[in-house]
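Just so you know, the numbering used here puts the end of the sequence shown at 286, numbered straight through with nothing missing.
Every residue gets a Cβ at the ideal spot worked out from N, C-alpha and C, and that includes glycine.
The structure appears below as structure tokens.
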Amino acid sequence: MAIFVTVAAYEAAGGHLRRDLFSDDGKAYLQDAALLERLALDKLQQPAREVAAEGWKWVDVRAQYVYEDYQRHSEVRRACRAPNADEAARHAQLEAELETLHARMEAISDDDGDENEYAALETDDERLQTELSTIDEALAVFPADLMALAGCVVFVGARGTVEVKRGLVRPEDRDAVVQAARQATSGEPTTGTALVSLPKGGARAVHSEKLMRSLTAHRVAAIQAELLLRPDVALAALTAHLAAKLLKDGFHRYRGGDDALTVSASETHDACGASPRTWPRPKPGS
């Protein structure tokens, strides 16, 4: 978000920085997160207006857009329109050129031919593939009648640039979108529904949330009690956890993942003490 807003704009708006005196690259920490988010939202307004002009029902502007937010929506898929005469002719020409080029590349590879020529052909291949993909992307469009029922989210992406998630359907519009999709495909249920991606229904939990909290509290308490009796195991577990934090390579540190052990401090006495009262009393003789 700081990359998108820029430090200069943040400071111009009165934002404070805490600079690292020992940093070689002038590292600084932005102190006012609320100001930074407000500046980001203000800067996103113009891109949001441009997206709204495309014909969507709604456009949301957010500083961040997380996967949990995305899961709440259904999604409209693009449909392939028919190419015009120029697009069709150029598409056919590109495919023919690529076929000839690939045949020549294969011949050079089989005969151990000129590496410089092969490299030049690779460059041409990339250029032609890019142009072909551009045409294909232009042919994939959102149906106008579905756009009128769906929307977009404009947000700051991970690289500090404006990103747009198009074709999102709110729960209250889901039935109308499915019906419109079916009508757009001459009433064919299978094809029409394929234009809309619906979220999968969540599986019903086997146990209640209340029971799961109780079982979790007892499990944590049991592990804690066992570690108190085995300080050697506790020390080994702590060492393993801390060593993993220090020695884990950069890729896994960036991507994250499930750790075999995590260490944190929290008060669980109250939760565990209250849990037995939530259990049903045993019947006589059971």
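Neighbour-count burial assignment, residue i, 16 or more Cβ in a 10 Å radius
| i | result |
| --- | --- |
| Gly373 | The question about residue 373 has no answer, for the chain in this structure spans 1 to 286. |
| Ser109 | exposed |
| Gly151 | buried |
| Phe155 | buried |
| Asp20 | exposed |
| Trp56 | buried |
| Ser214 | buried |
| Ala33 | exposed |
| Asp86 | exposed |
| Val178 | buried |
| Ala217 | buried |
| Ala48 | buried |
| Tyr70 | exposed |
| Pro189 | In this prediction, Pro189 has a pLDDT of 44, which is less than 50 and means its spatial position is unreliable; what the coordinates show is noted afterwards. Result: exposed. |
Assigned secondary structure, residue i (DSSP; H/G/I helix, E/B strand, else coil)
| i | result |
| --- | --- |
| Ala34 | helix |
| Val66 | coil |
| Leu44 | helix |
| Phe155 | strand |
| Glu75 | strand |
| Lys210 | helix |
| Lys163 | What sits at residue 163 in the sequence shown is Glu, not Lys. Three-state DSSP puts Glu163 in a strand. |
| Gly187 | Bear in mind that a pLDDT of 47 at Gly187, under 50, signals an unreliable position, so the number given afterwards is only what the model happens to contain. It is coil, neither helix nor strand. |
| Arg18 | strand |
| Ser286 | Bear in mind that a pLDDT of 48 at Ser286, under 50, signals an unreliable position, so the model cannot answer this. |
| Asp173 | helix |
| Asp232 | helix |
| Asp125 | helix |
| Asp60 | strand |
| Arg255 | The pLDDT assigned to Arg255 is 46, lower than 50, so where the model puts this residue is not dependable, and the model offers no usable value. |
| Ala52 | helix |
| Leu195 | coil |
| Ala28 | strand |
| Ala13 | coil |
| Leu94 | helix |
Nearest candidate by alpha-carbon position, reference residue i, set the options
| i | options | result |
| --- | --- | --- |
| Arg72 | Leu36, Ala138, Val153 | Val153 |
| Gln129 | Gly113, Ala12, Leu101 | Leu101 |
| Leu98 | Tyr70, Ser133, Ser197, Gln46 | Ser133 |
| Glu126 | Leu94, Val59, Arg49, Leu242 | Leu94 |
| Leu121 | Met105, Ile135, Ala53 | Met105 |
| Ala92 | Ala119, Ile135, Asp114 | Ile135 |
| Leu44 | Asp60, Arg219, Leu30 | Asp60 |
| Ala12 | Phe22, Leu36, Met1 | Leu36 |
| Leu30 | Met212, Ile3, Asp69 | Ile3 |
| Asn84 | Arg38, Ala138, Arg49, Tyr70 | Ala138 |
| Ala88 | Ala225, Glu131, Asp111 | Glu131 |
| Arg38 | Glu54, Met1, Phe22, Glu50 | Met1 |
Distance between beta carbons of residue j and residue i, contact taken as under 8 Å
| i | j | result |
| --- | --- | --- |
| Ala82 | Pro143 | That belief does not hold up - the Cβ atoms of Ala82 and Pro143 are roughly 13 Å apart, past 8 Å. |
| Leu17 | Ala8 | That pair is no contact at about 11 Å. |
| Ala181 | Val196 | 5 Å |
| Ala40 | Val5 | 5 Å |
| Asp173 | Leu149 | 5 Å |
| Ala158 | Cys80 | The Cβ separation is near 30 Å, so there is no contact. |
| Leu227 | Ala234 | 4 Å |
With contact counted as at least three CB pairs below 8 Å, one residue from each stretch, are the region 53-73 and the region 162-169 in contact?
Taking 8 Å as the limit for Cβ pairs, the verdict is that the region 162-169 does touch the region 53-73.
Would the region 167-179 count as touching the region 74-92 if we require 3 or more Cβ pairs under 8 Å?
Enough Cβ pairs lie closer than 8 Å, so yes.
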